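Visitor:
Numbering (the working numbering), first residue to last: 30 to 366.
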């Protein structure tokens, strides 16, 4: 009697069943596989043929199937992606503020296709960072895709000249806490160069047409993004940007006058200071309880606020003009109370 089409595909159904239902914590019996083939695939099979197919999947197709107790229990021990890697990716997606809750759940569902159904449930059940303020802006992923297309130097295997983009930029309105368009709805035109992630937010580093300088823009605050039929500008300026220094200054201390500042901290704050300034700046031991750091800083109210957060555990020592400005900053705060 000739085999049915399903019968010919039996080994593929078995492989799919292992991928979906087995992992290092969940084994399959021969009986499980026989019942699956009969109930879901309309295929009759005996233990001998199942064992033969498992050997083929292991020896010929390289599936990491471990058989125990005389092949009674069969376990898929590894796959294309380790579950710990998928869990890490899932947690990164959950933590990203620029990805909406619905988008995050869709991405996690996709990641779940690379592991067993049991592990996919764990991905969904893992810590969901609800305290993160997730973006409510729709179409963020499409905006990211369009920006990448604008920056591409090749498209469909052919050379492509990176091009400008236009968009409207949003801000919150205190009257109703809804996002409204900046500049009264006027369009921003920029030349995109780099996508950056900081503190769970996605930013675009771009050369602004109006200001003729580089600016950063929050991706989830963009609206009506379009690719323009115009080559991007700012190439010479971008070549001279040290991205590590630029991002540290932009996201770490915000805009201000650049100064080389000497600061003194208690020793337990060393990790915190290294996270802020990195290891390429000058550090020195001051005494058994304190250290000093000399770093280029964007002197601004945000920098002073960062220092204030440490109370008497941190001191700005020099230059004197920065010390004086910090004292004025504190006096302004005191005058409000």
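The C-beta atom is built at its ideal place from N, Cα and C for all residues, glycine as well. Since we're looking at a predicted model, the values are computed, not measured.
1. Less than 7 angstroms between C-beta atoms, sequence neighbours within five positions excluded: which residues of the same chain meet that for residue 253?
2. Can you give me the C-alpha to C-alpha distance between residue 318 and residue 342, rounded to a whole angstrom?
3. Out of 276, 249, 191 and 224, point me to the one whose CA is closest to residue 259's CA.
4. Between the alpha carbons of residue 105 and residue 80, how many angstroms are there, rounded?
5. Roughly how many angstroms separate the alpha carbons of residue 84 and residue 52, rounded to a whole number?
6. Would you report the Cα separation of residue 334 and residue 316, rounded to the nearest angstrom?
7. State the start and end residues of the unbroken beta strand (DSSP E) segment that holds residue 247.
8. Hey, out of 150, 193 and 290, whose CA is closest to residue 239's CA?
9. Do you know how far the Cα of residue 172 is from the Cα of residue 248?
10. Let me confirm a value: residue 209 is counted as buried when at least 16 other C-beta atoms fall within 10 Å, else exposed. Which label applies?
11. Give the DSSP-derived three-state secondary structure of residue 72 in the structure shown.
12. If you draw a straight line from the alpha carbon of residue 141 to that of residue 96, how long is it in whole angstroms?
13. Go ahead and pull the three-state DSSP assignment for residue 207.
14. Count the other CB atoms within 10 Å of the CB of residue 311; is the residue buried (16 or more) or exposed (fewer)?
15. Reducing DSSP to helix, strand and coil, say where residue 282 ends up.
16. State the start and end residues of the unbroken beta strand (DSSP E) segment that holds residue 312.
17. Between which residues of its own chain and residue 86 is the CB-CB distance below 8 angstroms, once the five residues before and five after are set aside?
18. Pull up the distance between the alpha-carbon of residue 365 and that of residue 218, whole angstroms please.
19. Check each candidate in 127, 147 and 38 and name the one with the smallest Cα separation from residue 50.
20. Could you name the residues of the same chain whose beta carbon sits closer than 8 angstroms to that of residue 157, not counting the 5 residues immediately before and after it, in chain order?
21. Going by beta carbon distance, what residues of the same chain come within less than 7 angstroms of residue 214, once the five residues before and after it are set aside?
22. Roughly how many whole angstroms lie between the Cα atoms of residue 282 and residue 182?
23. Could you check which residue in 221, 255 and 228 has the C-alpha nearest to that of residue 241?
24. Output the distance between the C-alpha atoms of residue 354 and residue 292, rounded to the nearest integer angstrom.
25. Pull the bridge partners of residue 322 from the DSSP assignment, please.
26. Residues in its own chain within less than 8 angstroms of residue 76 by CB, not counting five upstream and five downstream?
27. State yes or no: is the C-beta of residue 332 within less than 8 angstroms of the C-beta of residue 326?
28. Would you kindly report the start and end of the unbroken alpha helix (DSSP H) that includes residue 180?
29. Which residues bound the alpha helix (DSSP H) around residue 119?
Guide: In short, the structure shows the following:
1. Taking the first residue of the chain shown as position 1, residue 253 is located at position 224. Cβ within range, chain order: 196 and 197.
2. Counting from 1 along the chain shown, the entry for residue 318 is found at position 289. Counting from 1 along the chain shown, the entry for residue 342 is found at position 313. Separation of residue 318 and residue 342 (C-alpha to C-alpha, rounded to the nearest whole angstrom) is 10 angstroms.
3. Counting from one through the chain shown, the residue named residue 259 turns up at place 230. Looking at the Cα atoms, 191 is the closest of the given residues.
4. Working through the chain shown from its first residue, we reach residue 105 at position 76. Working through the chain shown from its first residue, we reach residue 80 at position 51. A straight-line Cα-Cα distance of about 14 angstroms links residue 105 and residue 80.
5. Taking the first residue of the chain shown as 1, we reach residue 84 at position 55. Taking the first residue of the chain shown as 1, we reach residue 52 at position 23. Distance from the CA of residue 84 to the CA of residue 52, rounded to the nearest whole angstrom, comes to 17 angstroms.
6. The residue labelled residue 334 in the question sits at position 305 within the chain shown. The residue labelled residue 316 in the question sits at position 287 within the chain shown. Distance between the alpha carbons of residue 334 and residue 316: 26 angstroms.
7. Here residue 247 is taken as the residue at index 218 of the chain shown, counted from 1. 242–247 is the extent of the beta strand (DSSP E) around residue 247.
8. Residue mapping note: residue 239 aligns to position 210 of the chain shown, counting from 1. Per the Cα distances, 193.
9. For the purposes of this step, residue 248 is identified with residue 219 of the chain shown, where counting begins at 1. For the purposes of this step, residue 172 is identified with residue 143 of the chain shown, where counting begins at 1. Looking at the two C-alpha atoms, the distance is approximately 7 angstroms.
10. Locating residue 209 in the chain shown gives position 180, counting from the first residue. Label assigned to residue 209: exposed.
11. Taking the chain shown and counting its residues from 1, one reaches residue 72 at position 43. If DSSP states are grouped into helix, strand and coil, residue 72 belongs with coil.
12. If you number the chain shown from 1, residue 141 lands on position 112. If you number the chain shown from 1, residue 96 lands on position 67. About 25 angstroms.
13. The sequence position of residue 207 within the chain shown is 178, counting from 1. When secondary structure is reduced to three states using DSSP, residue 207 falls in the coil class, being assigned neither helix nor strand.
14. Here residue 311 refers to the residue found at position 282 when the chain shown is read from its first residue. The residue in question, residue 311, is exposed, as its Cβ has fewer than 16 Cβ neighbours within 10 Å.
15. Indexing the chain shown from 1 puts residue 282 at position 253. The predicted position of residue 282 is uncertain, since its pLDDT is 49 and thus under 50; no value can be drawn from it.
16. Along the chain shown, read from residue 1 onward, the residue named residue 312 stands at position 283. Run containing residue 312: 311–316, per the beta strand (DSSP E) assignment.
17. As a position in the chain shown, residue 86 is number 57, starting the count at 1. Same-chain partners within the cutoff: 40, 43, 44, 47, 92 and 94.
18. Counted from its first residue, the chain shown places residue 365 at position 336. Counted from its first residue, the chain shown places residue 218 at position 189. If you take the alpha carbons of residue 365 and residue 218, they lie about 40 angstroms apart.
19. Here residue 50 is taken as the residue at index 21 of the chain shown, counted from 1. Per the Cα distances, 147.
20. The residue you call residue 157 lines up with position 128 of the chain shown. Confidence in residue 157 is poor, its pLDDT being 49 and thus under 50, which makes the residue's placement unreliable; the coordinate value appears in the next sentence. Only 123 meet the Cβ criterion.
21. Counting from one through the chain shown, the residue named residue 214 turns up at place 185. Result list for residue 214: 197, in chain order.
22. Sequence index remark: in the chain shown, residue 282 carries index 253 (1-based). Sequence index remark: in the chain shown, residue 182 carries index 153 (1-based). Only weak support is given to the placement of residue 282: the predicted model assigns it a pLDDT of 49, under 50, and the question is left unresolved by the model.
23. In the chain shown, the residue the question calls residue 241 occupies position 212. 221 is the residue among 221, 255 and 228 whose C-alpha sits nearest the C-alpha of residue 241.
24. Here residue 354 refers to the residue found at position 325 of the chain shown. Here residue 292 refers to the residue found at position 263 of the chain shown. If you take the alpha carbons of residue 354 and residue 292, they lie about 14 angstroms apart.
25. Position 293 of the chain shown holds residue 322. Residue pairing by DSSP puts residue 322 in a beta bridge opposite 292 and 312.
26. Sequence index remark: in the chain shown, residue 76 carries index 47 (1-based). The answer, listed in chain order, is 59 and 63.
27. One-based indexing of the chain shown puts residue 332 at position 303. One-based indexing of the chain shown puts residue 326 at position 297. Yes, these two residues count as a Cβ contact at 8 angstroms.
28. As a working note, residue 180 is residue 151 in the chain shown. Where residue 180 is concerned, the enclosing alpha helix (DSSP H) starts and stops at 169–180.
29. Position 90 of the chain shown, counted from the start, is the residue given in the question as residue 119. Counting along the chain, residue 119 sits inside the alpha helix (DSSP H) bounded by residues 112–124.
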